[in-house]
Amino acid sequence: MKAETSTTFRAFAIELAVYAVLVTGYFFLVLHFLSGWLQELHLHHVKLYALVAIVLIIGQAVLLESITTWLFRLLRGRSE
Amino acid sequence: MFFPISQSHISPIYLVVVGFCIGVMGGFFGVGGSFIAGPALRAVGLDWNFAVGTDLAHIVGKSVVAAKRHRALGNVDLRLGFIMALGTMGGAEVGAQLIQMLKRAGNVNFVVSIVSIVIYVSISSFMIWEAWRTLHLRKKRRPRSKVPGTAAKQDESSFSHRTRAIQRLRLWPMISLPTSGVTISLWVIVLVSFIGGLFSGFLGGGAGYIRMPMMVYVLGIPTHLAVGTDLFEIIISASYGTFSHAIKGNVDILIALVMHTGAAIGAQIGAVSTQYFAGPKIRLAFVPLPLIGAAIVIYTLLTGHKL
């Protein structure tokens, strides 16, 4: 039981570390490439901005959910 | 880091940590976490109108992640979620219009702060009372104090006699919800969701802090299903709210995207954790959260600092 808990926590810690690296890279890509364009949309095409905002947040949610699920399966598979 | 849309400087690490904490709570309690996210965004200098709109956008993403996980655990009633989404969108639009009126009047911060405090304290007080009564009833007559629900996830509540009375109201059309094990008037569902939507548009977030308890106490949905279904419904209603606020210039999507990177992993942890707790314990654990939000808003009002 104790060994199982320890394995789960280790897998989770590794998942967090890998996820943090991926997310940090993603941050700089997204913020670097999108901030100017999004600000322009926000100022001059507000309806398009609203639509793009929803697409971006849902798209990111699906992407990150897939990454975390994949990471979890990968690490859990290796630890078992 | 500078966010040009809202013209604000906010640490991305702060946003990720806030997002993670709110993600865990959201996945576990089925709430948007606006009672924490709103003050947390205000604490770093964002105006209320931006805090409200940006928080809604972040909630859309977090709810997608948590609802997907809850669906895999069998905690989502899709029929109920779609019906509630309609009422919530109507309420959210009315709430957003109220915010616009207050912006024009120039006292949006004060009014929203006062309303927030009243709502947060009322919810916590009611849930403390209900939890105490439920625990008392469990000792005396456990088999009879169950909220109607599915056999696997039946719930207990001291409010169940009122819930049954509401379910007996024969206001046509009656809607059968086999997943939740409930048959109830459409108008009751719409009213519950409209009230939730009104607070969502006015105070920000998904208003799960008021809708999740109402789903349990008024509609009689078992707590686990209320959490999952609320998250599913929040995806639809918060998307509409985000669109509505974005058109009014109240959303900084870059802040929401950064917050969501933390929330995505937190929401999964929260969703999976619900499987290890019974309904009354989830509701009892819920009690301090709105009080924390109220304390932060009171501090802001008394000191004048944006916290």
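Chains S and A, in that order, give the protein sequences. Add 550 to the 1-based position in the first sequence for the working numbering, that's all there is to it. Going by the working numbering, the residue at position 35 of the second sequence is 33; the numbering climbs one at a time, nothing skipped. All C-beta atoms in this analysis are idealised placements derived from N, C-alpha and C, irrespective of residue type, glycine included.
Applying the criterion that 16 or more other CB atoms from any shown protein chain within 10 Å of the CB defines a buried residue, is A/Ser191 buried or exposed?
Residue mapping note: residue 191 of chain A aligns to position 193 of the second sequence, counting from 1. It is buried - the Cβ of A/Ser191 has at least 16 other Cβ atoms within 10 Å.
I'd like to know if the stretch 178 to 193 of chain A and the stretch 208 to 220 of chain A are in contact, where contact means that at least 3 CB-CB pairs between them fall below 8 Å.
The stretch 178 to 193 of chain A makes contact with the stretch 208 to 220 of chain A: 3 or more CB pairs, one atom from each, lie closer than 8 Å.
Identify, in the order they occur along the chain, each residue of the same chain with its Cβ nearer than 6 Å to the Cβ of A/Gly59, setting aside the five sequence neighbours on each side.
For the purposes of this step, residue 59 of chain A is taken as the residue at position 61 of the second sequence. Hits under 6 Å: His258.
How far does the beta strand (DSSP E) with A/Ser306 in it reach, from first residue to last?
Nothing can be reported for residue 306 of chain A, as the shown portion of chain A is limited to -1 through 305.
According to the Cβ coordinates, are A/Ala262 and S/Leu614 closer than 9 Å?
Residue numbering aside, residue 262 of chain A sits at position 264 when the second sequence is read from its first letter. Residue numbering aside, residue 614 of chain S sits at position 64 when the first sequence is read from its first letter. Yes.
Pull the bridge partners of A/Leu175 from the DSSP assignment, please.
Your numbering for residue 175 of chain A matches position 177 in the second sequence. Paired residue(s): A/Val180.
Starting from the C-beta of A/Leu314, find all residues in its chain whose C-beta is less than 6 Å away, skip the five residues before and the five after it, and write them out in chain order.
No answer is possible for residue 314 of chain A: it lies beyond the span of chain A, which begins at -1 and ends at 305.
Can you check which of these residues, A/Thr177, A/Pro2, A/Gly239, A/Leu39, is closest to A/Ala224 by C-alpha distance?
Working through the second sequence from its first residue, we reach residue 224 of chain A at position 226. Of the listed residues, the one whose Cα sits closest to A/Ala224 is A/Thr177.
Whole-angstrom Cβ separation of A/Thr240 and A/Ala55, contact assumed at under 8 Å?
Within the second sequence, residue 240 of chain A is the residue found at index 242, counting from 1. Within the second sequence, residue 55 of chain A is the residue found at index 57, counting from 1. That belief holds up - the Cβ atoms of A/Thr240 and A/Ala55 are roughly 5 Å apart, short of 8 Å.
Given a limit of 8 Å on CB to CB distance, which residues of the stretch 570 to 599 of chain S reach chain A?
Val573, Tyr576, Phe577, Val580, Leu581, Leu584, Ser585, Gly586, Leu588, Gln589, His592, Val596, Lys597, Tyr599
By Cβ distance, which residues of its chain are closer than 6 Å to A/Ala362, with the 5 residues on each side in sequence left out?
With chain A running from -1 to 305 in the structure shown, residue 362 of chain A is simply not present.
Using a Cβ cut-off of 9 Å (strictly closer), state whether A/Ile245 contacts chain C.
This model lacks chain C altogether; the protein chains it does include are S and A.
Where does A/Ala293 sit, in a helix, a strand or coil, going by DSSP?
Residue 293 of chain A sits at position 295 when you count from the first residue of the second sequence. A/Ala293 falls in the helix class under three-state DSSP.
Going by the beta-carbon positions, is the gap between A/Gly291 and A/Gly36 smaller than 9 Å?
Locating residue 291 of chain A in the second sequence gives position 293, counting from the first residue. Locating residue 36 of chain A in the second sequence gives position 38, counting from the first residue. Yes, the Cβ-Cβ distance between A/Gly291 and A/Gly36 is below 9 Å.
In whole angstroms, what is the alpha-carbon distance linking A/Pro286 and A/Ile182?
Indexing the second sequence from 1 puts residue 286 of chain A at position 288. Indexing the second sequence from 1 puts residue 182 of chain A at position 184. Rounded to the nearest angstrom, the two C-alpha atoms are 31 Å apart.
What is the rounded straight-line gap between the Cα of A/Arg69 and the Cα of A/Gly226?
Within the second sequence, residue 69 of chain A is the residue found at index 71, counting from 1. Within the second sequence, residue 226 of chain A is the residue found at index 228, counting from 1. Going by the C-alpha atoms only, they are around 7 Å apart.
Does DSSP put A/Ser198 in a helix, in a strand, or in coil?
By one-based count along the second sequence, residue 198 of chain A stands at place 200. Looking at A/Ser198 - three-state DSSP - the assignment turns out to be helix.
Between A/Trp185, A/Ala83, A/Gly179, which lies nearest to A/Leu307 when the distance is taken from Cα to Cα?
This structure gives no information on residue 307 of chain A, because the portion of chain A shown stretches from -1 to 305.
For A/Ser4, tell me which candidate among A/Ala244, A/Phe230, A/Ser271 has the shortest Cα-Cα distance.
As a first step, residue 4 of chain A must be located in the second sequence, where it is residue number 6. Closest option to A/Ser4, Cα to Cα, is A/Ala244.
Give the secondary structure of A/Ser143 by DSSP, where H, G and I count as helix, E and B as strand, and everything else as coil.
Mapped onto the second sequence, residue 143 of chain A falls at position 145. Only weak support is given to the placement of A/Ser143: the predicted model assigns it a pLDDT of 44, under 50, and the value that follows is read from those uncertain coordinates. Reduced to three states, the DSSP call for A/Ser143 is coil.
Taking A/His159 as the query, report the chain S residues whose CB atoms sit under 8 Å from its CB, ordered along the chain.
As a position in the second sequence, residue 159 of chain A is number 161, starting the count at 1. What A/His159 touches in chain S: nothing, since even the nearest Cβ is about 40 Å away.
Whether or not the stretch 294 to 302 of chain A and the stretch 127 to 139 of chain A are in contact is what I'm after, with contact meaning three or more pairs of Cβ atoms, one per stretch, closer than 8 Å; do they touch?
A contact is defined here as three or more CB-CB pairs under 8 Å, and the stretch 127 to 139 of chain A fails this definition with respect to the stretch 294 to 302 of chain A.
In chain S, which residues lie with their C-beta within 7 Å of the C-beta of A/Gln273?
Within the second sequence, residue 273 of chain A is the residue found at index 275, counting from 1. Going along chain S, no residue has its Cβ under 7 Å from A/Gln273, so there is no contact; the nearest lies around 15 Å.
When you compare only the Cα positions, how much space is there between S/Gly609 and S/Ala603?
Looking up residue 609 of chain S in the first sequence gives position 59. Looking up residue 603 of chain S in the first sequence gives position 53. Looking at the two C-alpha atoms, the distance is approximately 10 Å.
Around the Cβ of A/Gly17, are there at least 16 other Cβ atoms within 10 angstroms (buried) or fewer (exposed)?
In the second sequence, counting from the first residue as 1, residue 17 of chain A sits at position 19. Buried.
Touching or not, the stretch 9 to 16 of chain A and the stretch 592 to 602 of chain S, by the rule of three or more beta carbon pairs under 8 Å?
no
For A/Met210, report the span of its alpha helix (DSSP H) as first-last.
In the second sequence, counting from the first residue as 1, residue 210 of chain A sits at position 212. Note, A/Met210: alpha helix (DSSP H), 206 to 212.
Quick one: list the residues of chain S neighbouring A/Thr240, beta-carbon separation under 8 Å, in chain order.
On the second sequence, residue 240 of chain A is found 242 positions in, with the first residue counted as 1. Within chain S, the residues near A/Thr240 are Ala600, Ala603, Ile604, Ile607.
Less than 6 Å between C-beta atoms, sequence neighbours within five positions excluded: which residues of the same chain meet that for A/Ala205?
Counting from one through the second sequence, the residue named residue 205 of chain A turns up at place 207. Within the same chain, and ignoring the five residues on either side of A/Ala205 in sequence, the residues whose Cβ sits closer than 6 Å to its Cβ are Gly194, Phe197, Ser198.
Shorter than 9 Å from the beta carbon of A/Lys279 to some beta carbon of chain S?
Mapped onto the second sequence, residue 279 of chain A falls at position 281. Cβ-Cβ to chain S under 9 Å: no for A/Lys279.
Quick check on DSSP: helix, strand or coil for A/Phe275?
Here residue 275 of chain A refers to the residue found at position 277 when the second sequence is read from its first residue. Reduced to three states, the DSSP call for A/Phe275 is coil.
Are A/Thr272 and A/His222 touching if we call contact CB-CB under 9 Å?
Here residue 272 of chain A is taken as the residue at index 274 of the second sequence, counted from 1. Here residue 222 of chain A is taken as the residue at index 224 of the second sequence, counted from 1. Remark: C-beta atoms of A/Thr272 and A/His222 approach each other more closely than 9 Å.
Nearest chain S C-beta to A/Leu252 closer than 9 Å, yes or no?
The sequence position of residue 252 of chain A within the second sequence is 254, counting from 1. Yes - at least one Cβ of chain S is within 9 Å of the one on A/Leu252.
Nearest-angstrom Cα distance between S/Ala567 and S/Ile607?
As a working note, residue 567 of chain S is residue 17 in the first sequence. As a working note, residue 607 of chain S is residue 57 in the first sequence. About 23 Å.
Tell me which residues of the stretch 610 to 624 of chain S have at least one Cβ-Cβ distance to chain A shorter than 7 Å, keeping chain order.
Listed by position, the residues of the stretch 610 to 624 of chain S near chain A (Cβ gap below 7 Å) are Gln610, Ala611, Val612, Leu614, Glu615, Thr618.
Three-state secondary structure (DSSP) at A/Ser122?
Translated into positions along the second sequence, residue 122 of chain A becomes position 124. Helix.
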